[in-house]
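Written out below as structure tokens is the structure these notes cover.
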Amino acid sequence: MAFNYGVHERVVTISEPELEKPLVLEQTPEAPTPCEADGTGRRIWPTALALSRYLCAHPDLVRGKSVVELGAGSGAAGLTCAALGARQAVLTDMPDALPLIEHNVRANQLHGCSVTVHACTWGNEAHLQQVERLADGGAFDVVLACEVIYKQSADVLEQLAATQQRLAHTQSLILVAYEFRGSMLEDFPYFEAADELFHCEPISLRPYEDHPHDDGEEDYRRRITAVNWILRLSLRDKDLCNSLFCRTVQNYDTSVSVRQGARERKSAYGELKYDLRCSS
Numbered sequence: 269m270a271f272n273y274g275v276h277e278r279v280v281t282i283s284e285p286e287l288e289k290p291l292v293l294e295q296t297p298e299a300p301t302p303c304e305a306d307g308t309g310r311r312i313w314p315t316a317l318a319l320s321r322y323l324c325a326h327p328d329l330v331r332g333k334s335v336v337e338l339g340a341g342s343g344a345a346g347l348t349c350a351a352l353g354a355r356q357a358v359l360t361d362m363p364d365a366l367p368l369i370e371h372n373v374r375a376n377q378l379h380g381c382s383v384t385v386h387a388c389t390w391g392n393e394a395h396l397q398q399v400e401r402l403a404d405g406g407a408f409d410v411v412l413a414c415e416v417i418y419k420q421s422a423d424v425l426e427q428l429a430a431t432q433q434r435l436a437h438t439q440s441l442i443l444v445a446y447e448f449r450g451s452m453l454e455d456f457p458y459f460e461a462a463d464e465l466f467h468c469e470p471i472s473l474r475p476y477e478d479h480p481h482d483d484g485e486e487d488y489r490r491r492i493t494a495v496n497w498i499l500r501l502s503l504r505d506k507d508l509c510n511s512l513f514c515r516t517v518q519n520y521d522t523s524v525s526v527r528q529g530a531r532e533r534k535s536a537y538g539e540l541k542y543d544l545r546c547s548s
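Per my numbering, the very first residue in the sequence shown carries number 269; after that it's consecutive.
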């Protein structure tokens with residue numbers, strides 16, 4: 269039952285031409301879940317693999333850069349950055365999630381990149397100060413977050429956006445990989461907070477997704493098709509008021525209209541689209 273969702277194999281290998289050697293990552297979904305966590309960080313999700321492939325296809329995004337990953341889980345994205353030649357990779361998560369990341373760091377023995385693991389609960393001032401001290405000038409060139417937005421409380425999602433802002437400098441690349449599961453409205457507080465802080469370029473991860481498994485799992489096949497995407501963020505000029513949602517993003521499973529004072533979700537059939545609009 270432990271592998272009903274996410275990637276099924278206990279040990280997952282990321283092998284791409286851009287990597288000197290494959291990355292080997294373990295997941296432990298059956299491990300006991302502490303009360304402060306929900307256990308999702310012990311699983312490797314399809315979006316993490318899609319993001320890793322995206323990074324391998326664009327290694328210059330991270331090569332020679334300082335990278336911090338928030339909510340690292342297995343460490344897949346951060347370790348991919350390290351393997352692609354990042355100068356520094358700091359993998360962070362809640363304290364109880366760190367042993368799995370540390371295990372995967374030891375298992376891969378990456379050289380040429382300073383890889384460290386640190387606690388960073390979003391909004392925790394002591395954690396943030398510790399992570400800031402690891403970066404030149406207190407900020408990182410690349411701030412990653414993969415599959416960390418899923419039905420949390422509004423304050424947690426707002427703290428995520430604030431943490432991304434705090435750990436970035438004006439030229440930083442901020443990447444958020446997100447799988448749409450039909451819970452967009454529950455996740456909306458993050459996007460509202462991000463809209464206040466960042467400019468956004470949405471990027472489809474469809475070219476980097478796994479092919480569906482022919483194993484009779486219809487829901488799994490449906491779920492991994494054209495639902496993964498990246499928000500490529502940059503710090504917003506406070507004087508600009510362009511909205512994150514003043515654009516249409518296609519290739520997704522659901523059509524959603526978001527308007528001030530009214531939020532409406534409408535399911536579509538067949539080739540579905542994702543449509544976010546601002547109120548006029």
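All C-beta atoms, glycine included, are put in the ideal place defined by N, C-alpha and C.
Inter-residue CB distance, E284 and R331 (contact presumed, cutoff 8 Å): About 14 Å; that fails the 8 Å criterion.
Out of V336, S421, L368 and V410, point me to the one whose CA is closest to E454's CA. S421
Using C-beta distances below 8 Å, list every residue in its chain close to S440, excluding the 5 sequence neighbours before and after it, in chain order. Closer than 8 Å at Cβ, skipping near neighbours: A407, F408, D409, V410, V411, S502 and L503.
Inside the segment 288-364 only - alpha helix (DSSP H) runs reaching at least 4 residues: 314-325 and 344-351
At what residue ranges does the segment 437-476 contain a whole run of the beta strand (DSSP E), taking only runs of 3 or more? 466-472
Of the residues I312, K289 and F456, the one placed nearest Q377, counting alpha carbons only: Out of I312, K289 and F456, K289 has the C-alpha closest to the C-alpha of Q377.
Hey, would you say G346 sits closer than 9 Å to V383, going by beta carbons? yes
Spatial neighbours of A387 in its chain, beta-carbon cut-off 6 Å, leaving aside the 5 residues before and after: P363 and H395
Residue nearest to V336 in terms of C-alpha spacing, selected from D328, C324, D361 and V280: D361
Using only alpha-carbon positions, find the residue among I369, A403 and L319 that is nearest to Q356. A403
If you run the structure through DSSP and keep just helix, strand and coil, what is N372? Helix at N372.
Residues in its own chain within less than 7 Å of F271 by CB, not counting five upstream and five downstream? A caution first: F271 carries a pLDDT of 36, below 50, which makes its placement in the model unreliable, though a value can still be read off. Cβ neighbours of F271 within its own chain (closer than 7 Å, five residues either side excluded): P297.
Can you tell me where the beta strand (DSSP E) holding V399 begins and where it ends? Judged by DSSP secondary structure, V399 falls outside any beta strand (DSSP E) and instead within the alpha helix (DSSP H) spanning E393 to E400.
Should G341 be labelled buried (16 or more other beta-carbon atoms within 10 Å of its own) or exposed? buried
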